[in-house]
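Heads up: the sequence shown runs through residues 421 to 831, numbered per the numbering used here. Note that beta-carbon positions come from the ideal geometry of N, C-alpha and C, so glycine has one too. So the structure is just underneath, and the comments pick up after that.
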Amino acid sequence: MARFANAKAPYLRMTDNPSFGTGAIQRDFLIALLPVILFAFYKNGLQVYLDGNISFLEMFYPLVFILIGGLMSTLLEALFFVITDKSVRTMKTLGKKLSVSYAAIPGLLLAMILPLYTPVWVLIFGCIAATLVAKMLFGGFGYNIFNPALIGYVAVAFTLYGVIQNAGGALNASEVLADAVGGATPLGALIEGEGLSYNALVAPYGTLLDFFVGTIPGALAETSALAILISYVWLVARKVIKWFVPVIFVGTVFVLSWFIGMIAGAEGVWFPLYSILSGGLIFGAVFMATEPVTTPRNPLGKVVFALFLGVFTVLFRFVGDFAEGVATAIVFMNIFTMPIDNWTAIIRSELGGKEIFVKGAPKVKKPISKATIKGIILVALILLIALYGVLKAGGMFTASGWILPTVGRLF
421 MARFANAKAP YLRMTDNPSF GTGAIQRDFL IALLPVILFA FYKNGLQVYL
471 DGNISFLEMF YPLVFILIGG LMSTLLEALF FVITDKSVRT MKTLGKKLSV
521 SYAAIPGLLL AMILPLYTPV WVLIFGCIAA TLVAKMLFGG FGYNIFNPAL
571 IGYVAVAFTL YGVIQNAGGA LNASEVLADA VGGATPLGAL IEGEGLSYNA
621 LVAPYGTLLD FFVGTIPGAL AETSALAILI SYVWLVARKV IKWFVPVIFV
671 GTVFVLSWFI GMIAGAEGVW FPLYSILSGG LIFGAVFMAT EPVTTPRNPL
721 GKVVFALFLG VFTVLFRFVG DFAEGVATAI VFMNIFTMPI DNWTAIIRSE
771 LGGKEIFVKG APKVKKPISK ATIKGIILVA LILLIALYGV LKAGGMFTAS
821 GWILPTVGRL F
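This is the structure in structure tokens:
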């Protein structure tokens, strides 16, 4: 007699790879973080030490900060299990619970996307929001609706970002002494109104190659597109993520930024490249937008989800007052994961389904289903929001106001 058991997401058909399960997925995910963590150590620790701006012990602070994030999430989750789970009576039982809950990951990710000089108590506050509020109160691993690390980031960014800036922000000691960027990150310079020109947005930090390598101010471990691409290749090769989700997400931001640049007078490919290489876009696309629990599971749903992420990231970045729109966009879209999954699953089955006809029998015209209509509305909504974001942002960066004043008045 066959035996079946309920299990938490993510799911994988065992026929694809009998030795591949949730534990292996999380292991490969942690391995993928290593190139990014090592670059964070090099940029904010080793290189600054070699420049003579910090001591030998201070060189290891980036690694210690990330480790604190992972440990805090683990301790908070352990405390939650001890208080709420009556089956946890021994350290062995607690250890088993934590091992299948992957407790350290939210704190690790949160520490990596925060500025270098974030006070430790602010990191702890973010870990509480990520682990206790966004993860454990929803039922723990596999049941959370929102990405825990991003909930922690949003909680910190919207309530305590002034504290972080006063403590030193994202600039390491060498960047502070260079004083070439006025204390702002590249994306922050855009939001602060430095002007939509290469000399204002890119030149103070070097070239676009510096943006790609990651030797620019930014969050602790999300500045290097090169390191993240190495992680991306590993995750795709290990079948942990679908290759097209980050590509569609980043590609959408690239295309919309290009249109914004053309409307606002920043012609050329440099502005869309600047848009995708600054901030946490590539990090979020690879490590957050592909998270298996809080994102759609079917391929068509993933495509729609990634498109919406790109549109809302541009909208939040250029129209809103908050510099980093990636985290806000992903958390916002987490709300719609289940509806997108349901609609696109039905549409996909209809588009890919096969019908059997009896020879000579008349063909019956199949009516358009409600799910297909919803899908059409969904695509139209994406296009309308994208149009609004492009026109609105383009108008904001144009000295004379709207390029298309008639359309502009509608918004």
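For V665, the uninterrupted alpha helix (DSSP H) run begins and ends at 664-684, by DSSP.
Annotation for D761: P716, R717, N718, G721 place their beta carbon closer than 8 Å to its own, counting only its chain and skipping 5 residues before and after. Contact annotation: F732 and T748 have beta-carbon atoms nearer than 9 Å. If you look at P692, you'll find it in the alpha helix (DSSP H) that goes 690-697. Excluding residues up to 5 positions away in sequence, A705, V706 lie with their Cβ nearer than 6 Å to the Cβ of P666 in the same chain. With a contact defined as Cβ atoms closer than 8 Å, V670 and W663 miss out at about 12 Å. For K722, the secondary structure class from DSSP, reduced to helix, strand or coil, is helix. Proximity of the stretch 619-627 to the stretch 581-592 falls short of the contact definition, fewer than three beta-carbon pairs being nearer than 8 Å.
S507 is not a Cβ neighbour of G560, given a cutoff of 9 Å. G515 sits in a helix when the DSSP states are folded into three classes. Rounded to whole angstroms, G638 and T510 show a C-alpha spacing of 43 Å. E687: not part of any alpha helix (DSSP H); DSSP gives it neither H nor E. In terms of CA proximity to L458, E642 leads the group I696, V689, E642, G685. By the CB criterion at 9 Å, A452 and P482 fall outside the cutoff. Sequence-distant Cβ neighbours of F485 in its own chain, meaning closer than 6 Å and more than five residues away, are A531. Relative to the Cα of D448, the nearest Cα in the group P535, R658, P692 belongs to R658. Between G681 and V746, the C-beta gap is not smaller than 9 Å, which leaves the two residues out of contact. The beta carbon of I650 is closer than 8 Å to those of P455 in its chain, skipping five residues each way along the sequence.
Each residue's CA atom was taken as its position, placing F566 and V751 some 6 Å apart.
Counting along the chain, the unbroken alpha helix (DSSP H) around S493 starts and ends at 481-504. Only residues of its own chain outside the window of five on either side were considered, and among them F500 have a CB closer than 6 Å to the CB of M556, listed in chain order. In this structure, F631 lies away from L536, with their beta-carbon atoms at least 9 Å apart. The residue from I793, L552, L466, V468 with its alpha-carbon nearest to that of I503 is L552.
In the DSSP annotation of this structure, V508 is not part of any alpha helix (DSSP H), being labelled neither H nor E. Contact check for F558 against L580 fails: the beta carbons are separated by 9 Å or more.
When rounded, the separation of the alpha-carbon atoms in L491 and G527 is 7 Å. Taking the Cβ atoms as the reference, M708 lies roughly 6 Å from L570, within the contact range of under 8 Å.
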